[in-house]
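K.L.:
One gets this note's numbering by counting positions in the sequence shown from 1 and adding 5 to each.
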Amino acid sequence: MCLIVLLSLGSATGLQAKERILRRQDDRAPVDVKLAEQSGIHRYDSKYLILYTDIEPEKARDLVGLVDQVHPVWESFLGKLPPARDKSPFQVTGYLMRDPTRFQTANLLRAKSGPILHGKSEGYEFWVHDQESDYYRAHLLLHEATHCYTMCYDAEGQLRPHWFLEGIAEFFGTHEMSEPTSTSPPSLRFGLISSSEEKSHGFGRIEMIRAECEAGRALTVEEVQKLGMDVFSESRTTPYAWSWAFCTFLALHPLTSDEFQKVCQQTDPVRFQRFFNTLWKKHQAAIAADWELFRDSLCYGYDLSRGATKRTAVLPISSGESREVVVQSAGGWQSTGIEVTAGQSIQITGKGRVTLAQTTKPWISEPNGISIRYADGQPIGRLLAAVERTAPAEQGANRHWVFQDIGPQAMWMIPESGVLFLRVNDRWNELFDNSGEYQVTVTSPK
6 MCLIVLLSLG SATGLQAKER ILRRQDDRAP VDVKLAEQSG IHRYDSKYLI LYTDIEPEKA
66 RDLVGLVDQV HPVWESFLGK LPPARDKSPF QVTGYLMRDP TRFQTANLLR AKSGPILHGK
126 SEGYEFWVHD QESDYYRAHL LLHEATHCYT MCYDAEGQLR PHWFLEGIAE FFGTHEMSEP
186 TSTSPPSLRF GLISSSEEKS HGFGRIEMIR AECEAGRALT VEEVQKLGMD VFSESRTTPY
246 AWSWAFCTFL ALHPLTSDEF QKVCQQTDPV RFQRFFNTLW KKHQAAIAAD WELFRDSLCY
306 GYDLSRGATK RTAVLPISSG ESREVVVQSA GGWQSTGIEV TAGQSIQITG KGRVTLAQTT
366 KPWISEPNGI SIRYADGQPI GRLLAAVERT APAEQGANRH WVFQDIGPQA MWMIPESGVL
426 FLRVNDRWNE LFDNSGEYQV TVTSPK
């Protein structure tokens, strides 16, 4: 068992149970280093990882320090590990295999839970097959090492949800070297949406999500939470993509990031579910709606911090009434604060100028948009509208939103009751260099 409960004497009111959580003791088997070397396997050491591998030494030396670099990020996000039952320091052993027969000969293939397809972890050890892509080789190593960290507590039959365990391992497997600045050198970052396919070659999760959505197999947040052990056993591709996307969404979305971090630090499965249920009930409608936007437009470099939906208090708009709203170009969907009803006609008129793509050349746009470049089928800079349904549709992948092209001016008969949102169209990974705003008038004609 990974969780050990100790009883201590309480106050005069009687005995009180105090839970002291300890992690499992170091269960790594000894390695015959001489036999390993005779089999063409070499050992590389860092503080938190011992790596046995038969790949080129220069590649191995680049990998062995990864766990040391991600370890403080684990501690910050997942919480610091408690002491082990045997007081041993935390360290894991990894076996990165180009030729598995060498590891078999050296008695290093001790995984007890079936074949190793890409990677597998057990206790404080993990096994990973070598990959053609340098990025994906490192990703799998980080994925399995994260399992070792998160599974220090979880005993068999007492696991936290599989969508979380696999998704958070995928989350910390994503990594990228930051660009140097005048004040800081480049550094390795973890838990992100990769900026390009070239920088994350072999990862492929974004392409998997796109393909599933295009094929009509997009998952709702409720469906992602139902991904269990059997699904991950049957497929080594799409369940991992969905769990990665959902954990990434919760971890990076401004609405949920702080609370999700607290959820992640609950190592007991019952407490984990209770904390997650609290987060879910508090933000259920917003999470479900924003997940659809994120899922359907997911791309490399998707900017959740800037692109997150902005909500505000709402009031209905009366017949003959006009309201003025401001729509920022450096954001995603922004609430107008206007409640609309199905069958109601509203007129939307936009004016102003925004600047887009300042890193190449300053493209100036008005609400009509710039037709030289498109995002999601519309010119960038174009004024768009949407209604977030009050009552989500019962079926279909997109249950929360109805979208409408506006441009400089349009009359729209509202198809579903809900809240009116507006947006300056742009690619979701290019919001950082936008500036300016549109002044928009929303009128309900008499």
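Ideal Cβ placement from N, Cα and C applies to all residues, glycine included.
So, for glutamine 339: in the same chain, excluding its five sequence neighbours on each side, which residues have a beta-carbon less than 7 Å away from its beta-carbon?
P.N.:
Mapped onto the sequence shown, residue 339 falls at position 334. Answer for glutamine 339: Lys315, Val332, Gln333, Phe426, Leu427, Arg428, listed in chain order.
K.L.:
Is the distance from the Cβ of glutamate 344 to the Cβ of proline 321 below 8 Å?
P.N.:
Position 339 of the sequence shown, counting from 1, holds the residue named residue 344. Position 316 of the sequence shown, counting from 1, holds the residue named residue 321. Going by C-beta atoms, glutamate 344 is nearer than 8 Å to proline 321.
K.L.:
Could you give the residue range of the beta strand (DSSP E) that holds aspartate 381?
P.N.:
Counting from 1 along the sequence shown, the entry for residue 381 is found at position 376. Careful: aspartate 381 lies outside any beta strand (DSSP E) and carries neither H nor E.
K.L.:
Give the straight-line distance between the Cα atoms of serine 350 and valine 447, rounded to the nearest whole angstrom.
P.N.:
The sequence position of residue 350 within the sequence shown is 345, counting from 1. The sequence position of residue 447 within the sequence shown is 442, counting from 1. Each residue's Cα considered, the two are about 10 Å apart.
K.L.:
Please state the DSSP three-state secondary structure of glutamine 352.
P.N.:
Numbered from 1 along the sequence shown, position 347 holds the residue referred to as residue 352. The answer is strand: DSSP assigns glutamine 352 an E or B state.
K.L.:
Helix, strand or coil for glutamine 96? Go by DSSP, reduced to three states.
P.N.:
In the sequence shown, the residue the question calls residue 96 occupies position 91. Three-state result, glutamine 96: coil.
K.L.:
According to DSSP, which residues form a beta bridge with serine 44?
P.N.:
The count along the sequence shown starts at 1 and reaches residue 44 at position 39. Partner(s): none; serine 44 has no beta bridge.
K.L.:
Between the segment 102 to 114 and the segment 165 to 180, are three or more C-beta pairs nearer than 8 Å?
P.N.:
Contact fails: fewer than three Cβ-Cβ distances are below 8 Å.
K.L.:
Out of Thr346, Gly306, Ser138, Ala335, state which residue places its alpha-carbon closest to the alpha-carbon of serine 324.
P.N.:
Reading the sequence shown from its first residue, position 319 is the one you call residue 324. Checked all of Thr346, Gly306, Ser138, Ala335; the closest Cα to serine 324 is Thr346.
K.L.:
What number of angstroms, rounded off, separates the C-alpha of tyrosine 49 from the C-alpha of lysine 39?
P.N.:
The residue you call residue 49 lines up with position 44 of the sequence shown. The residue you call residue 39 lines up with position 34 of the sequence shown. Their backbone Cα atoms lie some 14 Å apart in a straight line.
K.L.:
Going by DSSP, what residue range makes up the alpha helix (DSSP H) through aspartate 235?
P.N.:
For the purposes of this step, residue 235 is taken as residue 230 along the sequence shown, with counting starting at 1. Counting along the chain, the alpha helix (DSSP H) containing aspartate 235 begins and ends at 234 to 239.
K.L.:
What's the call for methionine 234, buried or exposed, on a 16-neighbour Cβ count within 10 Å?
P.N.:
The sequence position of residue 234 within the sequence shown is 229, counting from 1. So methionine 234 counts as exposed.
K.L.:
Taking the beta strand (DSSP E) that serine 205 falls in, what are its first and last residues?
P.N.:
The residue labelled residue 205 in the question sits at position 200 within the sequence shown. Where serine 205 is concerned, there is no enclosing beta strand (DSSP E), given that its DSSP letter is neither H nor E.
K.L.:
Which value, in whole angstroms, describes the spacing of the CA atoms of serine 200 and alanine 391?
P.N.:
Here the question's residue 200 lines up with position 195 in the sequence shown. Here the question's residue 391 lines up with position 386 in the sequence shown. So the alpha carbons of these two residues sit roughly 28 Å apart.
K.L.:
State the DSSP-derived secondary structure class of isoleucine 369, mapped to helix, strand or coil.
P.N.:
Taking the sequence shown and counting its residues from 1, one reaches residue 369 at position 364. Strand at isoleucine 369.
K.L.:
Taking threonine 360 and glycine 441 to be in contact with their CB atoms under 8 Å, please state how far apart those CB atoms are, rounded to whole angstroms.
P.N.:
Indexing the sequence shown from 1 puts residue 360 at position 355. Indexing the sequence shown from 1 puts residue 441 at position 436. Contact holds; Cβ gap of about 5 Å.
K.L.:
Only counting runs of 4 or more residues, tell me where the alpha helix (DSSP H) segments fall wholly within the segment 303 to 363, in order along the chain.
P.N.:
Here the runs fully enclosed are 309 to 312.
K.L.:
Quickly, what does DSSP pair arginine 394 with across the bridge? List them, please.
P.N.:
Position 389 of the sequence shown, counted from the first residue, corresponds to residue 394. BP columns for arginine 394 point to Gly423.
K.L.:
Mark glutamine 289 as exposed unless 16 or more other C-beta atoms lie within 10 angstroms of its C-beta, in which case mark it buried.
P.N.:
The residue given as residue 289 occupies position 284 in the sequence shown. The residue is exposed, with fewer than 16 neighbouring Cβ atoms inside 10 Å.
K.L.:
If you run the structure through DSSP and keep just helix, strand and coil, what is leucine 255?
P.N.:
Within the sequence shown, the letter at position 250 stands for residue 255. Three-state result, leucine 255: helix.
K.L.:
To which residues of the same chain is arginine 90 closer than 6 Å at the C-beta, ignoring the five residues directly before and after it?
P.N.:
The residue labelled residue 90 in the question sits at position 85 within the sequence shown. Within the same chain, arginine 90 has close Cβ partners Leu27, Gln30.
K.L.:
Within this structure, are the beta carbons of tyrosine 245 and arginine 210 separated by less than 8 Å?
P.N.:
One-based indexing of the sequence shown puts residue 245 at position 240. One-based indexing of the sequence shown puts residue 210 at position 205. Yes, Cβ-Cβ distance for tyrosine 245 and arginine 210 is below 8 Å.
K.L.:
Since serine 248 and valine 226 should fall inside the 8 Å C-beta cutoff, what is the C-beta to C-beta distance between them, to a whole number of angstroms?
P.N.:
Against the sequence shown, residue 248 aligns to sequence position 243. Against the sequence shown, residue 226 aligns to sequence position 221. About 12 Å; that fails the 8 Å criterion.
K.L.:
Residues bridged to isoleucine 55 by DSSP?
P.N.:
Here residue 55 is taken as the residue at index 50 of the sequence shown, counted from 1. BP columns for isoleucine 55 point to Asp50, Thr98.
K.L.:
Under a Cβ-count criterion, where at least 16 other Cβ atoms within 10 Å of its own Cβ denotes burial, should phenylalanine 208 be classed as buried or exposed?
P.N.:
Your numbering for residue 208 matches position 203 in the sequence shown. Buried is the call here.
K.L.:
How would you call serine 183, buried or exposed, if buried means at least 16 neighbouring beta carbons within 10 angstroms?
P.N.:
Along the sequence shown, read from residue 1 onward, the residue named residue 183 stands at position 178. Result: exposed.
K.L.:
Enumerate in chain order the residues of its own chain whose CB-to-CB distance from leucine 83 is below 8 Å, with the five nearest sequence positions on each side excluded.
P.N.:
Here the question's residue 83 lines up with position 78 in the sequence shown. If we look at leucine 83 and ignore the five residues flanking it on each side, its Cβ neighbours are Tyr154, Thr155, Ile173, Cys269, Gln270.
K.L.:
Out of Gly401, Glu399, Glu393, which has the shortest C-alpha to C-alpha gap to glutamine 409?
P.N.:
Walking along the sequence shown from the start, residue 409 turns up at place 404. Taking only the C-alpha atoms, the option nearest glutamine 409 is Glu393.
K.L.:
Are tyrosine 57 and valine 36 close, meaning C-beta to C-beta below 8 Å?
P.N.:
Taking the first residue of the sequence shown as position 1, residue 57 is located at position 52. Taking the first residue of the sequence shown as position 1, residue 36 is located at position 31. Yes.
K.L.:
Is it buried or exposed for glutamine 43, if we count other Cβ within 10 angstroms and need 16 for buried?
P.N.:
Looking up residue 43 in the sequence shown gives position 38. It is exposed - the Cβ of glutamine 43 has fewer than 16 other Cβ atoms within 10 Å.
K.L.:
Roughly how many angstroms separate the alpha carbons of leucine 114 and phenylalanine 108, rounded to a whole number?
P.N.:
As a position in the sequence shown, residue 114 is number 109, starting the count at 1. As a position in the sequence shown, residue 108 is number 103, starting the count at 1. Roughly 6 Å separates the two Cα atoms.
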